[in-house]
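Going by the working numbering, 235 is the number at position 234 of the sequence shown; the sequence numbering is gapless. Below: one structure, written as structure tokens.
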Amino acid sequence: MKLAICDDEKRIRDNIAESVREVSEKIEIEFYSDAKGILSPSFDSDILFLDIQMPGIDGMDAAKMLRSSGKKTVIVFVTALEDRVFNAFDVGAFNYIVKPFTKAKIKEILSKAIKQAEDQRAMEAVLSEQTEAPRTITVKSGGANTRVILSEIQYAEIYDRRIILHMTGSDDIEYYGRISDLENVSGKDFFRVHRAYLVNLGAVKSYDSKYVHMTDADIPVARGKYPELIKAYMSFHTRREGL
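In structure tokens form, the structure reads like this:
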């Protein structure tokens, strides 16, 4: 995790940094004596301790510009004038500290800021996953190459060396191949419940030790596969919900 301290007083920067290191030596700390550095396109700190009163661009204006650029940095204002902090939350500040401050206060606010930054990272990861282009495979079906969106496959079965893809909202797709190859490329959202069946965990309605119940079919669960199915299904929903 990266943390920046922007204050024109070196003593303040050093005091905050000392408290940060006592909380965690794994945090990478950057120092700025004015707002120019934090407004650089390359600025990417997760947490920012930002002085409000500084020469040139003050902290409040710098925070507004930071937000306008789309940065989600967790901002903690540092100020000697408590009456100025009432505008802090208009620019999306997370918290504030009034000078003079104690180490205990820095550590208290820092712990909360770290949790906020970690929560933001987790949410961004979930949103990124949800907005990614759908994963696809290309198969030769009916003499033509057909692009198949993996998430639209409900389940696949192998019959007489042919793989039958049972699709959501469209006709089945058949092609010659090995279900083990499909299993390898389909990823963690699919699970091989039986030597002849591969199911999309997102399309499962319910399951028990004998069958996985889909919208239009009940897929047999091979003996010994049930414990693995439980783990795979729970893992799938943990990823889906971003927990």
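Glycine residues also receive a C-beta, built at the ideal position from the N, C-alpha and C atoms.
Ile30 is positioned such that its CB atom lies closer than 8 Å to that of Leu4. By the Cβ neighbour-count rule, Arg193 is buried, with 16 or more other Cβ atoms within 10 Å of its own. Linking Gly143 to Ser187 through their CA atoms gives a straight-line distance of about 22 Å. Judged by DSSP secondary structure, Leu166 falls within the beta strand (DSSP E) whose first and last residues are Arg163 to Met168.
With respect to the C-alpha of Thr74, the residue from Ile107, Ala81, Lys189 and Gln117 having the closest C-alpha is Gln117.
Distances from the CA of Gly170 to each of Tyr177, Gln155, Ile164 and Arg14 were compared; the closest alpha carbon is that of Gln155.
Annotated as distal: Ala81 and Asn96, with beta-carbon spacing of 8 Å or more.
Distance from the CA of Ser207 to the CA of Met215, rounded to the nearest whole angstrom, comes to 7 Å. DSSP, reduced to helix, strand and coil, places Ile110 within a helical segment of the structure shown. Taking every protein chain shown into account, the CB of Tyr160 has fewer than 16 other CB atoms within 10 angstroms, so this residue is exposed. Nearest C-alpha to Ala18 among Lys108, Gly225 and Ala64: Lys108. Residue burial annotation: His167 is buried, with at least 16 other C-beta atoms found within 10 angstroms of its C-beta. DSSP places Asp182 in the uninterrupted alpha helix (DSSP H) bounded by Ile180 to Ser187. For Ser46, no beta strand (DSSP E) segment is defined, and its DSSP state is neither H nor E. Nearest to Gly225 by C-alpha distance, out of Ala123, Ser210 and Asp47, is Ser210. In terms of Cβ geometry, Ile165 and Asp173 form a close pair [threshold 8 Å]. Here the alpha carbon of Asp15 sits roughly 25 Å from the alpha carbon of Lys72.
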